[in-house]
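Chains as they are written, first to last, in numbering that gives the first Met the number 0: chain A, 0 to 276; chain B, 0 to 276. Every residue, glycine too, gets a C-beta built ideally from N, C-alpha and C. Since this is a predicted model, take the numbers as computed values, not measurements.
Protein chains: 2
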Amino acid sequence: MTRNEPALPTRDGGLVRVRLDVAYDGTPYAGWARQPGLPTVQAALEEALATVLRAPVTLAVAGRTDTGVHATGQVVHADLPAAPPETLVRRVNGLLDPSIRVLGVGVAPEGFDARFSALGRRYAYRVADAAYGALPTRRHDTAVHPRPVSLRRLQAASKPLVGLRDFAAFCRKREGATTVRTLRRLTWVRDVDGVLVARLEADAFCHQMVRSLVGALLLAGDGRKTTDWPAALLAGGIRGGAPVAPANGLTLVEVRYPAASRMALRARATRRRRDEA
Amino acid sequence: MTRNEPALPTRDGGLVRVRLDVAYDGTPYAGWARQPGLPTVQAALEEALATVLRAPVTLAVAGRTDTGVHATGQVVHADLPAAPPETLVRRVNGLLDPSIRVLGVGVAPEGFDARFSALGRRYAYRVADAAYGALPTRRHDTAVHPRPVSLRRLQAASKPLVGLRDFAAFCRKREGATTVRTLRRLTWVRDVDGVLVARLEADAFCHQMVRSLVGALLLAGDGRKTTDWPAALLAGGIRGGAPVAPANGLTLVEVRYPAASRMALRARATRRRRDEA
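Here it is, written out as C-alpha cells:
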C-alpha cells in the first residue's frame with residue numbers, strides 16, 4: 000500500500016511512475032507473465048487498466064509467479080502519462096474478475112522499481128497431509144501431500160538451508176544467472192486446521208526455488224528421505240534431485256522495499272554514479 | 000473425528016449407527032438438505048455412500064446449512080447394516096467432488112444422535128470491509144461489506160446479545176418452535192489480512208440466526224445504526240429489522256457433544272424414563 004507515502008512523482012519524459020498492490024487467485028491463470036493465447040494475470044490487469052485510462056499500459060512485476068501460483072501481496076509498477084484518478088482502484092476492480100483485485104494504487108516514491116527496488120520477497124506454502132486431503136473451503140490454495148508428514152522433521156531439515164547459499168540444486172537454470180541467494184527464513188507450523196504452512200523469505204528467489212525446496216523437504220518430512228538430505232542436495236549443487244511441489248500451495252505474500260526516503264537517496268546515488276561515469 | 004472413541008455399536012434391529020465428520024464448500028450447493036432437482040450436500044454424500052456400501056443411506060445432520068453456507072466441522076449420522084469398512088473414507092472421497100470431504104468415520108458411541116445429542120454449535124463469519132473487497136484466494140468464504148466497519152463498535156454491539164435470550168428478532172419464525180437460545184459466545188477480531196471474523200457459539204441456532212445477527216451488527220459497526228440498536232431489536236422481539244448477511248461468509252466450524260461415557264449414561268437415563276412412563 001502506498002497511500003500514505005509522499006506523492007513525489009517520478010517524472011521521466013512526462014511520465015508518472017505508479018505502484019499497484021495486487022492480489023490474485025492463480026487457479027485460472029497461466030501465471031503472471033503474458034503468453035500469447037493464454038489467460039494470464041498480466042494480460043487481464045493491463046487490459047483493465049488500459050480500458051480505464053484509455054491508453055495502453057505495460058506493467059513491471061516484483062515476482063513473476065508461475066501457472067497456478069497465488070498472490071496476496073504482489074507489487075507492480077507502470078509509467079503513466081498522468082497521476083492516476085482517485086477512482087482507479089474501484090473502476091479497475093469493477094472490470095476485473097474477482098480472481099484478481101487491485102488492493103491499492105499510488106504514485107511511487109522516487110527511484111521506485113517494483114522488481115529492482117525490492118529488498119525481499121515473502122512466500123507461504125500450504126500443504127495438507129490429512130488422509131482426506133485439503134478442507135474444501137481452502138482447496139484452491141492448499142496442496143495435498145499423500146503421506147503423513149512430521150512437523151519436527153520438516154523443521155530439522157529446513158534449518159541448514161537458511162543463510163547465504165548457492166541454491167543451484169533448487170533452481171531452474173538460466174544461462175549466466177547466479178543461483179546465490181540469501182534465504183532469511185524457512186519455518187514451518189501446523190495451523191488450526193492441521194495444515195502445514197511454510198513461510199519463506201529471501202532477497203529474491205530463483206525460478207521454482209520455493210516449490211523445489213518444499214518438494215525436497217516433504218520427502219524428508221514424510222520419512223522417505225533423511226532430514227539431512229535437503230542440505231546434502233544443496234551442497235551437491237545439482238538440480239534434479241528435488242521434486243517440484245504443486246503450484247496451488249504457493250502464495251506470494253509480500254514484497255519488501257526500503258523506506259521511501261532511503262529509496263530516493265539510493266536513486267540519487269545511482270544517478271550520480273551514472274553522471275560521473 | 001471419532002477414531003479414538005470406543006467402538007460400542009448402537010444396534011437397533013441389527014443396524015450400526017455411524018458418525019461422519021464432514022466439510023464442504025457450500026458455493027455450488029443449494030444447502031445441506033435434499034431438494035428435488037437441486038444439487039445439495041446431502042444428496043451428493045448419500046449417493047457416494049450408497050455407491051460404496053451398495054445400499055441406500057439416509058443421513059441425519061447436526062446443522063442444516065442454507066444455500067451457499069460452508070462447513071469445516073459438520074457432523075452427520077447414518078444407521079448402516081454393518082460397521083463401515085476401513086476404506087470407506089478413502090473410497091467415498093474418491094467418488095465425491097473436492098468441494099465435499101469426509102474427514103472421518105467411526106461407529107458412534109451409544110445414544111449418539113448427530114442432531115439431538117449436540118451440546119453446542121460453533122460458527123465463524125468472515126466479512127471484508129476493505130475498498131477492494133475480499134482477497135481473491137478467500138473470496139469463496141468471505142462476504143464483502145461495502146462500507147468501513149469499526150471493530151470496537153462491532154464488539155460493543157455484540158456484548159449485550161450474549162446469554163440466554165429470546166432471539167425471535169433474529170429467527171425465521173417456525174410455528175410452535177421456541178426462539179429461546181443460549182448464545183455463549185459472540186466475539187469479533189480482525190485477522191492478519193484485515194478481515195473481520197465473528198465467532199459464535201450457542202446450544203443451537205434457529206434458522207438464519209447467525210446471518211441476521213451479523214447483518215444487524217454490521218449496520219451498527221459501520222455507523223448507520225447505534226451500537227445499542229441490535230440489543231434493542233432483540234428486546235423488541237419482532238423480526239424484519241435486521242438484514243440477513245450473505246451466505247458465503249458463514250462456516251459451521253464445530254459441533255460439540257458430551258463425552259462418550261456421558262452420552263451413554265444420558266441415553267440409559269432417557270430409556271429408563273421411557274420404560275417407567
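Check, Outcome
"Go through the segment 178-228 of chain B residue by residue and report every complete run of the alpha helix (DSSP H) that reaches 4 residues or more, in order.", "208-220"
"Once the 5 residues before and after Arg-121 (chain A) are set aside, which same chain residues still bring their CB inside 6 Å of it?", "Glu-200, Val-252 and Glu-253"
"Three or more beta-carbon pairs under 8 Å between the segment 125-144 of chain B and the segment 93-109 of chain B, yes or no?", "no"
"Run through DSSP, which three-state label would Thr-141 (chain A) get?", "coil"
"Using the Cβ count rule (16 or more neighbours within 10 Å means buried), how would you classify Ala-268 (chain B)?", "At Ala-268 (chain B), the pLDDT of 45 sits below 50, so the modelled position is not reliable and the matter cannot be decided from this model."
"How is the alpha helix (DSSP H) around Val-68 (chain A) delimited, first residue to last?", "From DSSP, Val-68 (chain A) is part of no alpha helix (DSSP H); its letter is neither H nor E."
"In whole angstroms, give me the CA-to-CA distance for Pro-83 (chain B) and Val-17 (chain B).", "8 Å"
"Note down the Cα distance separating Ala-42 (chain B) from Arg-33 (chain B), rounded to an integer number of angstroms.", "6 Å"
"Can the beta-carbon of Thr-26 (chain A) be found closer than 8 Å to that of His-139 (chain A)?", "yes"
"Does the structure place the segment 225-243 of chain B close enough to the segment 167-175 of chain B that three or more beta carbon pairs sit under 8 Å?", "yes"
"Which residues in chain A sit within 7 Å of Ala-22 (chain B), going by Cβ to Cβ distance?", "Leu-134 and Pro-135"
"Hey, would you say Asp-24 (chain A) sits closer than 8 Å to Ser-98 (chain A), going by beta carbons?", "yes"
"Of all the CB atoms in chain A, is at least one closer than 8 Å to the CB of Val-126 (chain B)?", "no"
"Can you check whether the CB of Arg-100 (chain B) is closer than 8 Å to the CB of Gly-132 (chain A)?", "yes"
"Hey, out of A:Thr-226, A:Phe-204 and A:Gln-73, whose CA is closest to Ser-157 (chain A)'s CA?", "A:Thr-226"
"Can you find a CB in chain A that lies within less than 8 Å of the CB of Leu-7 (chain B)?", "Any reading at Leu-7 (chain B) must be qualified, since the residue scores a pLDDT of 45, below 50, and its modelled position is unreliable; no value is offered."
"If contact means a Cβ-Cβ distance below 9 Å, which residues of the segment 191-205 of chain A contact chain B?", "Asp-192"
"Please determine, among B:Gly-119, B:Val-194, B:Arg-189 and B:Arg-137, the residue with the shortest C-alpha to C-alpha distance to Arg-183 (chain B).", "B:Gly-119"
"If the cut is a Cβ gap below 7 Å, which residues of chain A does His-139 (chain B) touch?", "Thr-136"
"Given a cut-off of 8 Å on the beta-carbon distance, is the pair Asp-78 (chain B) and Pro-147 (chain B) in contact?", "no"
"By alpha-carbon positions, which one of A:Lys-224, A:Leu-233 and A:Arg-210 ends up nearest to Thr-66 (chain A)?", "A:Arg-210"
"At the 8 Å Cβ level, is Asn-92 (chain A) part of the contact set with chain B, yes or no?", "yes"
"Closer than 7 Å between beta carbons: that is the criterion. Which residues of the segment 96-124 of chain B meet it against chain A?", "Pro-97, Ser-98, Ile-99, Arg-100, Val-101 and Leu-102"
"Would you give the residue range spanned by the alpha helix (DSSP H) that Ala-47 (chain B) belongs to?", "40-52"
"What residue range is occupied by the uninterrupted alpha helix (DSSP H) comprising Val-17 (chain B)?", "From DSSP, Val-17 (chain B) is part of no alpha helix (DSSP H) but of the beta strand (DSSP E) over 14-23."
"List, in chain order, every chain B residue whose beta-carbon is nearer than 7 Å to that of Val-88 (chain A).", "Ala-130 and Tyr-131"
"Quick one: residues in its chain with C-beta nearer than 6 Å to the C-beta of Tyr-28 (chain B), no 5 flanking neighbours on either side, listed in chain order?", "Pro-38, Thr-39 and Val-40"
"Within 8 Å of any Cβ in chain A, is that where the Cβ of Thr-250 (chain B) sits?", "yes"
"Quick one: measure Cβ to Cβ for Ala-70 (chain B) and Ala-130 (chain B), integer angstroms, because I've assumed they're closer than 8 Å.", "With 8 Å as the limit, Ala-70 (chain B) and Ala-130 (chain B) do not qualify as a contact, their Cβ atoms being about 30 Å apart."
"For Asp-274 (chain B) and Leu-58 (chain B), I'd like the C-alpha separation in whole angstroms.", "Legend: pLDDT at Asp-274 (chain B) = 43, less than 50; position of this residue unreliable, no value from coordinates given."
"Between which two residues does the alpha helix (DSSP H) containing Leu-153 (chain B) stretch?", "150-157"
"Under a CB-based cut-off of 8 Å, is Thr-57 (chain A) close to chain B?", "no"
"Among the candidates A:Arg-164, A:Val-143 and A:Leu-212, whose CA atom is the shortest distance from the CA of Ala-234 (chain A)?", "A:Arg-164"
"For a contact defined as C-beta to C-beta under 8 Å, what are the partners of His-69 (chain A) on chain B?", "Pro-135 and Thr-136"
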